[in-house]
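The structure under discussion appears below in the form of structure tokens.
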């Protein structure tokens, strides 16, 4: 049983998802605060927490304050908190936990590694939660909390978490951008992007059983210059040409060295 | 009912998948031929077709010859065929159908848009099959055949199919390479790539309801220079640095113009 009370600062995607899963697991969230008063009120109401209007008043009825705010806001928020050395944890993949030193002796990161969309529920049990804390008691508290909502809890250093965050950007932001480039290209040529969706799904299915390197196929890997040239001539956009060139070269190098 | 008989040339991934799905749908494959005799024999045996050892002998008991061979091999195979103007179709996304003019008056492309792995069955009904043919009778025959195995059959010009193939390379080969780069990076830093899999799956889930452009998030889109610099400093490999730079710039440009 987890008998600590939680205050959440923030009202964005991560704040919403954490408030929902905590509520579902009957973990008590007592307070919610955000500069977006309306969204904070919505979240507080949904989980029967108190909506706190001013940052300086948050944490009165909580043992643990979670800052689910944007990276840029962490320092600012931290300075306004009156924590009295309660545990303070941010949820950022990239921000140093040391940022929180200014507001508490017990600080940490509680990073759920997923791309969240408000109101779109996901299976939280499968989402890795990465914990970094500045002392063992804080670490244990956050591990206990994380274990209640996820089956994949790990303690990890700041620098390792940041490397993971970089990798998350590569496999999420960058691949999604490739989908966008491809979708834009097809739209210009009046071809339906839907046609690619089974392929996109199967590309992901394949990494469940194999290392992605094993799954690589295509003209770049086998140095099929004829096909590469044909493709190149089918691209008008200079930006896409450049991306095609650099990724093709990188695939070739990775598989032929 | 489809009462035409099929000969398959090739014994790779596409040949195996087509032979399996044709057999499942009781579409008669009478002959299988490949320069890889052993693999051709395996396929022929599995679906009770005749294993033909020499190309010049294929098609005697068939109305339609499907060339499921590599792009480079299409022309060579075509020259050796004795087709007597039976329908000849290749399965390549990128090769011109005109290549087949040399061996028949009735030529086409029958392109199943998917990444295939031998012995790993997929739901063929969801795989788009793109047809290009040089006359309406050939087109209709191939449409009839395609409709028996897939719910997503379209007639498309050579050039449109090639543009689709380019897009397939972007969303499959290129994204899989990003998985590889990320997996290699994490391995070097002794971090488990498994941690990224829920994120990778959710990235794909999100395009089922939204245009990928709408789903874009991350430091590049919001021009979060601090995070981008941090990431950049976490990369040692020059190749990955270059890819990070060019994709970050492209995301920024796409979303801030």
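Chains as they are written, first to last, in our numbering: chain A, 1 to 257; chain B, 258 to 514. Where is the CB? At the ideal position from N, CA and C, for every residue including glycine.
- Within the same chain, Cβ atoms closer than 7 Å to the Cβ of residue 373 (chain B) are found at 270, 271 and 274, the five residues on either side in sequence being excluded.
- For residue 334 (chain B), no Cβ of chain A is located within less than 9 Å of the residue's own Cβ.
- Contact note: residue 234 (chain A) reaches chain B through 419, 420 and 423, using a C-beta cutoff of 7 Å and chain order.
- Between residue 119 (chain A) and chain B, the shortest Cβ-Cβ separation is not below 9 Å.
- Membership of residue 31 (chain A) in the beta strand (DSSP E) is indicated by the continuous run 29-33.
- For residue 214 (chain A), the number of other beta carbons within 10 angstroms of its own is below 16, and it is reported as exposed.
- By the neighbour-count criterion, in which 16 or more other beta carbons inside 10 Å mark a residue as buried, residue 119 (chain A) falls on the exposed side.
- For residue 36 (chain A), the nearest beta carbon of chain B is not closer than 9 Å to its own beta carbon.
- Residue 335 (chain B) is bridged by DSSP to nothing; it lacks a bridge partner.
- Within the model, the alpha-carbon separation for residue 277 (chain B) versus residue 349 (chain B) is close to 18 Å.
- Pairing residue 246 (chain A) with residue 227 (chain A), the inter-Cα distance amounts to about 16 Å.
- The Cβ-Cβ distance between residue 300 (chain B) and residue 309 (chain B) does not fall below 9 Å.
- Within chain A, 173 have C-beta atoms less than 7 Å from the C-beta of residue 477 (chain B), given in sequence order.
- Within the DSSP secondary-structure output, residue 410 (chain B) pairs in a beta bridge with B:386.
- The contact set of residue 499 (chain B) on chain A, defined by CB atoms closer than 9 Å, consists of 246 and 250 in chain order.
- Cβ-Cβ separation between residue 39 (chain A) and residue 11 (chain A): approximately 4 Å, consistent with a contact (criterion under 8 Å).
- CA-to-CA, the gap between residue 494 (chain B) and residue 447 (chain B) works out to about 16 Å.
- Between residue 261 (chain B) and residue 398 (chain B), the gap from beta carbon to beta carbon is short of 9 Å.
- In summary, the residues of the segment 122-151 of chain A whose CB is separated from some CB of chain B by less than 7 Å are 122, 126, 127 and 128, in the order they occur in the chain.
- Within the segment 179-230 of chain A, the complete alpha helix (DSSP H) segments at least 4 residues long are 197-206 and 212-215, listed from N- to C-terminus.
- Note that the segment 97-114 of chain A touches the segment 67-84 of chain A; at least 3 beta-carbon pairs, one per stretch, sit closer than 8 Å.
- Taking 8 Å as the cut-off between beta carbons, the residues of the segment 79-102 of chain A near chain B are 94, in sequence order.
- At a cut-off of 9 Å between beta-carbon atoms, residue 104 (chain A) makes no contact with chain B.
- CA-to-CA, the gap between residue 497 (chain B) and residue 248 (chain A) works out to about 13 Å.
- Around residue 220 (chain A), the same chain offers 248, 251 and 252 as residues with beta carbons nearer than 6 Å, after the five sequence neighbours per side are excluded.
- For the 9 Å CB-CB criterion, residue 352 (chain B) and residue 340 (chain B) do not form a contact.
- Here residue 127 (chain A) has 112, 114 and 150 as same chain residues with Cβ atoms under 6 Å from its own Cβ, once five neighbours each way along the sequence are excluded.
- The segment 427-441 of chain B makes contact with the segment 201-208 of chain A, as at least three CB pairs between them are under 8 Å.
- Close CB contacts of residue 23 (chain A) within its chain, under the 6 Å cut and outside five residues either way in sequence, are with 47 (chain order).
- If only complete runs of 4 or more residues are kept, the segment 273-333 of chain B shows the alpha helix (DSSP H) at 294-303, in order along the chain.
- Under the 9 Å criterion on CB atoms, residue 239 (chain A) is classed as interfacial with respect to chain B.
- Using beta-carbon distances, residue 39 (chain A) does not count as an interface residue toward chain B, since no partner is under 9 Å.
- Put simply, the CB of residue 231 (chain A) is near chain B, with a gap under 9 Å to one of its CB atoms.
- For residue 437 (chain B), the residues of chain A that pass the 7 Å Cβ criterion are 212, 213, 216 and 254, in the order they occur in the chain.
- For residue 514 (chain B), there are no neighbours in chain A by C-beta distance under 9 Å, as the nearest C-beta there is about 11 Å away.
- In the displayed model, residue 377 (chain B) falls within coil according to three-state DSSP, outside both helix and strand.
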